[in-house]
Structure formats: structure tokens, C-alpha cells
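I have placed the structure first, in the form of C-alpha cells, so that the comments after it can refer back to it.
Number of protein chains: 2
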Amino acid sequence: MSSELQISPAIHDPQGQEKQQQAAGVGILLQIMMLVLSFVLGHVLRRHKFYYLPEASASLLIGLIVGGLANISNTETSIRTWFNFHDEFFFLFLLPPIIFQSGFSLQPKPFFSNFGAIVTFSVLGTFVASMVTGLLVYLGGLMFLMYRLPLVECLMFGSLISATDPVTVLSIFQELGSDVNLYALVFGESVLNDAMAISLYRTMSLVRSHSSGQNFFMVIVRFLETFVGSMSAGVGVGFTSALLFKYAGLDVDNLQNLECCLFVLFPYFSYMLAEGLSLSGIVSILFTGIVMKHYTYSNLSANSQRFVSAFFHLISSLAETFVFIYMGFDIAMEKHSWSHLGFIFFSILFIVIARAANVFGCGYLVNLARPAHRKIPMTHQKALWYSGLRGAMAFALALQSVHDLPEGHGQTIFTATTAIVVLTVLLIGGSTGTMLEALEVVGDSHDTSLGDGFEVVNSRYMTSYDDDEDTPSGSGFRTKLREFHKSAASFTELDKNYLTPFFTSNNGDYDDEDNIEQHHEERIPFTRRGNLNNRG
Amino acid sequence: MSSELQISPAIHDPQGQEKQQQAAGVGILLQIMMLVLSFVLGHVLRRHKFYYLPEASASLLIGLIVGGLANISNTETSIRTWFNFHDEFFFLFLLPPIIFQSGFSLQPKPFFSNFGAIVTFSVLGTFVASMVTGLLVYLGGLMFLMYRLPLVECLMFGSLISATDPVTVLSIFQELGSDVNLYALVFGESVLNDAMAISLYRTMSLVRSHSSGQNFFMVIVRFLETFVGSMSAGVGVGFTSALLFKYAGLDVDNLQNLECCLFVLFPYFSYMLAEGLSLSGIVSILFTGIVMKHYTYSNLSANSQRFVSAFFHLISSLAETFVFIYMGFDIAMEKHSWSHLGFIFFSILFIVIARAANVFGCGYLVNLARPAHRKIPMTHQKALWYSGLRGAMAFALALQSVHDLPEGHGQTIFTATTAIVVLTVLLIGGSTGTMLEALEVVGDSHDTSLGDGFEVVNSRYMTSYDDDEDTPSGSGFRTKLREFHKSAASFTELDKNYLTPFFTSNNGDYDDEDNIEQHHEERIPFTRRGNLNNRG
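Chains as they are written, first to last, in the working numbering: chain C, 1 to 536; chain H, 537 to 1072.
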């Protein structure tokens, strides 16, 4: 990278150093131009309602094309070094804002009202998907269908490839307008399954490096340590920030800069705290995002609320676009050995199967627990199954696996993951619109009501929980599920009666909060949902 | 630095790597906590109207204290590595936002109405100050008063130490309320002299590395290349952005995120473009800031205007505070040889003399050109002379000089600069309030009129330019100065009649623009001026 003024360096080879730094400057320049191009192209395509190439796909393609051109004209190898992409940069500056924003942009109410289902899909479902993928890849290796990896590495691959990406599919959901419950399910699942996938990956990675003297019990403990520990750290930081903003009295007009400065430091604090404690920063920052949106956010002044929403949206858009460009560029530049083709092909087949096991299995369980009028319809399950494209998180974990695993293995996983990301983003991203229409889960009736729809649906849910208690339950298993269901409902009660009043300046009255939110909503066209108006 | 999940690494010494990464996480955690502490402390001090310790000084002190504690408890040297501060990070992420914001927060009107004086102080004055400092340091070395450096290195030191910092003094000016013209002079001078100081430094550095076969003429050419080239690049990017936003039609409600993403990419583009062309990115981004504020900004939608103002203010506050903390930390941690004490003492003496030569010399020239009722009063000149504290820019250039110069020399300059920064920030920063009161340039009459005052002063200037033309001029030199003065006035005309209508959606009518600005002002309590309300 270039640093100002080093361009006039000392005695030792000033020409070479100068050239190198100039090249770095040109590289960053090119990256900025690609970013600008992506934003403009994405905008033009959206304006012309061309849903076959969403913004993420456009970014990927731009990366692919520029990478391809660079590859052809690559007489000197300098172009490769322009894009000298540091892992550090990715993990410290690109990933945290993306993950925080995915937690921060969760609308708390539809999320909490579908809490049971979302947790089932993302915790149990991701576990199932990881294991199924891992085992199938292992069996595939045994049967010489694909590159052979040890079982634990297969499970690592299974975990990392089970992290789905919310970006592309959801932007199309928003453009087209879809059922609020489906939206909440897809979004909630793809956000929380990142946390699960990371925890599984780390656990498997630990099992791998201390393979002797580990028993199954220890694996479970390790997993809980990572998942619960990181979650607690994140939630703790979130609650701390809520209390700070509640009592510091910073929501006065002329202290907005101070308020915003402090607010944006908390997510990073959460990330680094978890890392310092040997936990997962990503899982921690995700939960900090959810908690800060639900509690801290409402303690801010109205101007600051508007600002921080726009701020995190901006930062994460930039980071996301950059990641997609980079992935495209990387796959075009990388010297790929074609022996990976089999691995890629069968992996795709297996993740499709594994996701079916996840969605339809968990869907069955959830439906057992839900009363008749709230069952998740098959069309929604199919949409959820179809929405499993892979993105930044899988890529990040694959990048990680190159460090964690022996030479050839990590490289194979990385190549396969990059290919899967590119293919799923282009294919699934491009066909989501068609799929949603085919499944008839998109309709004009839902269009304008996405904002207020939450409200209606939610109040229906609230009462339906009460109805549940009267309904006599069927089998013993069903009773257990219903109890879990009720505990999710009682979390909503806990939140309403204790958490919200304690951590916010709000009195915990949901209707009140809604008025405030709706009020903001009108004035925040920055938020994802703002795109809706675009169609008209 | 830590990267997520590398915490469970491979076979080779997992314990050591794990520890190292945990330490890095803890280091960043500590930095975030220091940032939070700085913001909170600064806020508390300001709220209690304790002007002897402004925010920058508070940050410096926090850095000094933590550095001192770390130094004492430094049984293992790990703490030093926690603060492993990369030059790259500084030049790529901290400096650009600070410099851009200083250009972006320039209020165009008082700046342009004092354009002649500001340019005189910052171009001619900084040149004088650099030469005087450099020559005095060289003479001091010859007379064994201080560490002896070659003449060209003395001039490099003179250049870098002539870059003054706007932050601390101006925040106090704002708190106390001062004359608008004085404010414009101090701010304009400290912003533009950074560009001049960098260009001089680079020129001297080039002279040094190609010492043979260089004549005086080539030095001038080199200087113009850097200064004019970088300025043109910056202005060019700024104008391009203005045209893009004028015609792209992005100022619709639901495209704010796109609009803001593109807007924040331009400054970085300007920075990297200049670096890629072997020019100065810092000078370029500064002028991009001035142009984008004056033209591009008014092509944005109202919401985006509010957002980008707050965004750049936030980013630069964070960067600035971090830089001051780091400087404090660095001076506490560095192993200083006490032989530098003499160098520091005499340097301070010399920069005081050099700044006097700059301010009173240029003040005399400016007053020759100005009509009687517009002369810069001696009290203002004294205030300007006093406000010359050193900050991030001098520090950055000194950091650079460690790379550019031989071992001992660069280190001496770096130590001296850090010490000068800390001393001037603490002493001048702490006493500015007292000084302003002693000079009687602070008063309640100016307090509330800072916003509207510009207007009044400006319209008076506009007419006074016309008056000038009738007044018969005195000597031939005076005539020349008046002509320069008129050219500054004609720039204002050019801007009003051609540039503003061409680059903005505005019709170039100043009154109109003012209404818009005032309108925003009411709704942007984020801006620096918003602090004013704080006093009441």
C-alpha cells in the first residue's frame, strides 16, 4: 500500500520503491472505480427492473471481468500485487460491519414473533446441514467421486459451506414484496446460521488440532463455549451500551457527534472483546447488533437514530460490494487446477441435499409445534430451501481454512467455496424473482403492507400464543415442542415486561414503540425497506 | 492484529500464535477504551467550561498516562507490540479523513472573502516560516547549540514543523465565540499551510536524494509540480463529482444510500489518483474537500447533505482523537535520549520566531493592500501568531522523515516534532481561552452572530472591493498588491457567475444559497459550529 510522501524515498533504489507504491495507488484506484461502477450498474439494473442480475451478481461479474482482463494482459505480474488482499483487512474492516449490519437491520418484532422457528432452522438446521454435507463429502471421497479429505476436514467444510448469505435474496424479496413471515424466516435464519456455522467450524478445527484425547463430551463443551460465550459477550456489550445511552443524557441536540462516535465504537469493542477472550468476534458482534438495535437504538436522539442507521447501512454496503467484487476477481485470477471440478460439482449437489434436510426436516418439526393456522406452508419451505445462496461468511471461513489446513486441502476447500459462492450468487440470485413468482409467495397484496404488515401479523401472533395454551396437545413429543414454543413466547413477554423498560427509556408498551419506529421509518429512506418505493 | 478464527490455528506452535493474537485483540480493545474515555472526558470538561484542557489535550494526556503506566509495568515487552502502529494505517485510514474534513468544513464564504489574506499567510508565510526555521536550526547546529543536521534536512524539518493544526484552537474559538474574520484567517491559514508544508517537504526531500545536478530553477519546478499538480488533481476530482451529482438525478428519496456511497468514495479516489500520479494525496484530498463542499454538496438531497456532514465529522473526530492518543502514547513509550532536549528547546524558540516572521510580515503586506477600514488589527495578528500549534500533519511528516533520512537524523526530527506537538497542544491549547480574552478578540457581541455575521461582513466586503477601484493607489508595490487583491475579488465574481451555475443546480445567486445553507445549519447540529449552543 502506498503511504503519502514515501514516494520521495531515500538512497536505496528509489525508482523501484516509487514504482511499487505507484502501482499500489493505481490498484486502490481501480478498486474504487470498480466499486463506483458496481453501485451505478446495480442502480441502473434495478431501475430497469432487471431482476436477473442483482447488485451482488453485478459486483461479482465486474470482478470476474476485470480479473479476466488482468489475467490476459498479465505480461508482468504486477496486477496481481495491486490486489494484494490482506486477510487482516478482510477480518478487521470488511467482515465486522457486514455482520453487525445484518444483526442491526433485523426488525425485532417479526424476528421475535418467529423466534422459535428461526432458532430451529438456524441452530438445529445448520447442525443437520453441516453434518449431512460433511458426511456426504467424506463418502464421496471414499468412493473416489471427489478429492478425498479426512472426516474432520469434511465436517469443517460442511460447517463453513452451511453459512448462507442474506444479501441478494432479501434485496429481491424487498423489491418484489413478499410475505412478512417468509421474509422474517429467511432473514433470521441466514443471520443466525452464520453464528452457528462459525461455532461449528471452530469446534471442528479444535477437534482437528487436538485430535488426541478428545471425547465427544469435550466437543460439545467446546462448541457451547464458543457459541454461548461469544453470544453472551455480544449481548453483554449490547446491554451495557443500552444502559450507558439511557443514563448518559447525550440525546441533546448539540451532542450528536459525541453520541454517534460512542455508538459506533461499541460494535468494534464487542468484536475485540470476544477476540481477546479467544471467542468468536463475529458471533459476538452479530448479537451486539441485534441487542443494540432492539434496546440501545431507542435511547438515541431522533437525529442520531437516523444517522447511525444510514451509517451502518453505508459502511456495510461498501464492504459487501467490495467483498463480491473481490470474490469475482479472485476466481478469475486464481490459477485453478481443473481437478477441483469434480469436487465443486458434487459439493453443490450435496449442499442442495443438505439444505433440503435442514429446511424440510426443521419445517416438519416447527409445524408439529405450531397450531393449524400458523403452519409454515410448503411454498414457504421451498422458498427458504431455494434461498440458500452462499456469500461473504462462507468465503471468509474458507479463507481461514487455507491457514488452518494442510497445503492442498485448504486450497481445495477455498477453490470449491469460491466457485460455490459465485455459482449460487449468479444462479440463485438471478432466478429468485422467477422462483418467488412460481411459488406464488410474491404478490401485490403484500407490496405496500410490508411495513405495516408486521404489525398486523404480529398482533395476530400475540393472541395466537394465548390460544395455544388452551389447545390440548397431541403426542408427548408435540407437548415438548409446544413448551419450547411457549418459552419463545414467554421471551417476548420477558422482553416486553422487564428488558425493554430496564434498558430503554421506553415504558415497554409495544404500541408506543411502534409509533416511534413508524415515525422514523417515514424519515429513513436509507433502510433496506426503503427500496420498496422503487418499484412503483 | 487478530483475525477471527485464526485463534484455532494449525500444528505449528498454536499456543504462541494464539497468545499473540489475543494480545493484539486486547491492544485494540484498550485503544477503543481510550477513545471512549477521551470522548467522555472531553465532553465532561467542556460541559464544565474548563478550557484549560481541550479535547485534544485530554486525548494526549490519556495517551501519555496509559503509555507511562505501560512503560512502568513493562515486564514483558508485549504492551509495546499491542500498539503496533503501522505507518500504512496512519496514511491510508487516519490522515485522509482528517485532512478532507478540514477542507470540507471550511465555510466557503468567509474563506473566499478573505482569500487574498489567507493565501498570503499560507503560501508566502509558510515559505518564510519554513526557511527561517530551517536556517535557524542549521545555524544552531553550526554553533553547537543543538544536534547538527545538513542544511537540506534542516529545511525539511523547517517545512514539516510549519504545518499548523486547526483542531484545538478553533474548537476554543467556537466555544468562546470570536470575530468571524479572525476565525476565517486562522482556519483558512492552518488548512492551506498543510498543503504548502507538504509540498515544501517533498521538494526538499527530492533535492536531498538527487543532490547532484539540481539547480534552483529545477527546485521551483519540482515544487510547482507537486503543489499545482496535486491541487489540480483534487480540484478536478471535485468538479467531476459536482457534475456527476448534478446530472445523475440521485437526489430522490430512496436512493440516499447510493448517493452517499458514491459521495464518500470520491475523496478517496482523489487521494489515490494523486498518489498514483506521484503527487501528494493529502494536498489533493484537501482541495477535493473544499470543492466538494462548495459545489458537489449543494447537488445532494437534503437528507444526504445532513448525512455526509455528520459522516465526515464523525470519521474525522475518531481519527483525530486516535492520533492525539497515539502521539501521547508514543512519547511516553519511546526510549528518548536526553541529548534531544537541546534540540527541542531551541526548535521551539525558532518556530516561535519563524511564525512571528510569517504572521507579522505577511500581515504588513496584506494591510498595505487593504483599505483602511479592512486592515487586519494587531490583536488579530497576535492571535494568529499565537494559534500556531502543531498537530497530526507535522507528526505524519516527521514519521515520514524517519524513513527518508539517515538513522539518527530522522529519529531526532521525529522526537523533536512529537515533543513540540505535545507541548504546543498542551500549552497553547490550554491557554488559548486566556489569550483570546487578553487580546479582547472574544466577546459576547460576536457570540450569536457567528452564523449570520458572515453574511454582514461579506456583503460589506463585496462593496468594499468596488470602492477599491476608485481609490487612487499609493506606491507601485501597493498597486501590485491591490491588483492581486482585485484578482481575489474577481475569483469571487468568477465563482458566482460561472462556476456555481455550471457545477451546481444553483443559479449562483448568493442570497439564495445562503438561505439554503442557513436552512441546513438549523438542522445540522453535528457541525462544528453546533457546539456554540453549548455555552448557554
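Think of the CB as a built atom: it goes at the ideal place given N, C-alpha and C, for glycine as much as any other residue. Quantities reported herein were computed from a predicted structural model and do not represent experimental measurements.
Which first and last residues belong to the alpha helix (DSSP H) in which residue i is found?
| i | result |
| --- | --- |
| E320/C | A302 to M333 |
| I428/C | E407 to A438 |
| F360/C | H340 to A369 |
| A233/C | F216 to Y247 |
| L160/C | L151 to L160 |
| R738/H | V716 to S745 |
| A372/C | From DSSP, A372/C is part of no alpha helix (DSSP H); its letter is neither H nor E. |
| A699/H | No alpha helix (DSSP H) contains A699/H, which DSSP labels as neither H nor E. |
| M667/H | T662 to L678 |
| S638/H | L631 to F640 |
| N793/H | Q792 to G812 |
| S113/C | P108 to S113 |
| H584/H | No alpha helix (DSSP H) contains H584/H, which DSSP labels as neither H nor E. |
Distance check for residue j and residue i, CA to CA, integer angstroms please.
| i | j | result |
| --- | --- | --- |
| L255/C | G578/H | 12 Å |
| V26/C | F329/C | 16 Å |
| A319/C | R684/H | 49 Å |
| S658/H | L728/H | 6 Å |
| S232/C | Y271/C | 12 Å |
| F648/H | F763/H | 20 Å |
| I172/C | I220/C | 38 Å |
| L706/H | G965/H | 10 Å |
| F663/H | E795/H | 40 Å |
| V992/H | P646/H | Residue placement at V992/H is flagged as unreliable, the pLDDT there being 36, under the threshold of 50; a coordinate-derived value is accordingly withheld. |
| F896/H | I912/H | 10 Å |
| S241/C | L262/C | 9 Å |
| T120/C | E437/C | 27 Å |
| V422/C | I601/H | 50 Å |
| R744/H | M754/H | 13 Å |
| S370/C | V441/C | What sits at residue 370/C in the sequence shown is Arg, not Ser. Cα-Cα distance, rounded: 20 Å. |
Let me know if residue i comes out buried or exposed under the rule of 16 or more other beta-carbons within 10 Å of its beta-carbon.
| i | result |
| --- | --- |
| H746/H | exposed |
| A908/H | exposed |
| M732/H | buried |
| R758/H | buried |
| V580/H | exposed |
| G391/C | buried |
| T479/C | exposed |
Could you check whether residue j and residue i sit closer than 8 Å to each other, using their CB atoms as the reference points?
| i | j | result |
| --- | --- | --- |
| F886/H | V688/H | no |
| I568/H | S852/H | no |
| Y201/C | L397/C | yes |
| A383/C | M327/C | no |
| S937/H | G944/H | no |
| V425/C | L60/C | yes |
| T418/C | F395/C | yes |
| K782/H | N835/H | yes |
| T700/H | S726/H | yes |
| F90/C | L399/C | yes |
| M692/H | G774/H | no |
| L605/H | F858/H | no |
| N650/H | G713/H | no |
| L92/C | L565/H | no |
| D730/H | L642/H | no |
| R891/H | A665/H | yes |
| M869/H | G694/H | no |
| V186/C | S57/C | no |
Handout entry: Interface positions of the segment 268-298 of chain C facing chain H (Cβ-Cβ less than 7 Å), listed along the chain
Key = Legend: CB atoms of the segment 268-298 of chain C lying less than 7 Å from CB atoms of chain H belong to residues Y268, F269, M272, L273, E275, G276, S278, S280, G281 and I282.
Problem - Contact set between the segment 131-153 of chain C and chain H, restricted to residues whose Cβ is under 9 Å from the partner - result: Nothing from the segment 131-153 of chain C brings a Cβ to less than 9 Å from some Cβ of chain H.
Practice task
Using a Cβ-Cβ cut-off of less than 8 Å, give me the residues of the segment 165-193 of chain C that come near chain H, in sequence order.
Solution key: Answer set for the segment 165-193 of chain C: empty.
Problem - Residues within the segment 308-340 of chain C neighbouring chain H, beta-carbon criterion of under 9 Å - result: In summary, the residues of the segment 308-340 of chain C whose CB is separated from some CB of chain H by less than 9 Å are A310, F311, H313, L314, S317, L318 and T321, in the order they occur in the chain.
Practice task
Could you name the residues of the segment 563-585 of chain H whose beta carbon sits closer than 7 Å to any beta carbon of chain C, in the order they occur along the chain?
Solution key: Listed by position, the residues of the segment 563-585 of chain H near chain C (Cβ gap below 7 Å) are I564, L565, I568, L571, V572, F575 and H579.
Exercise for the section: Could you name the residues of the segment 646-669 of chain H whose beta carbon sits closer than 8 Å to any beta carbon of chain C, in the order they occur along the chain? Expected result: From the segment 646-669 of chain H, no residue has a Cβ closer than 8 Å to chain C.
Practice task
Return the residues of the segment 793-804 of chain H that lie within a Cβ-Cβ distance of less than 8 Å from chain C, sorted by chain order.
Solution key: So the close ones are N793, L794, C796, C797, L798, V800, L801 and Y804.
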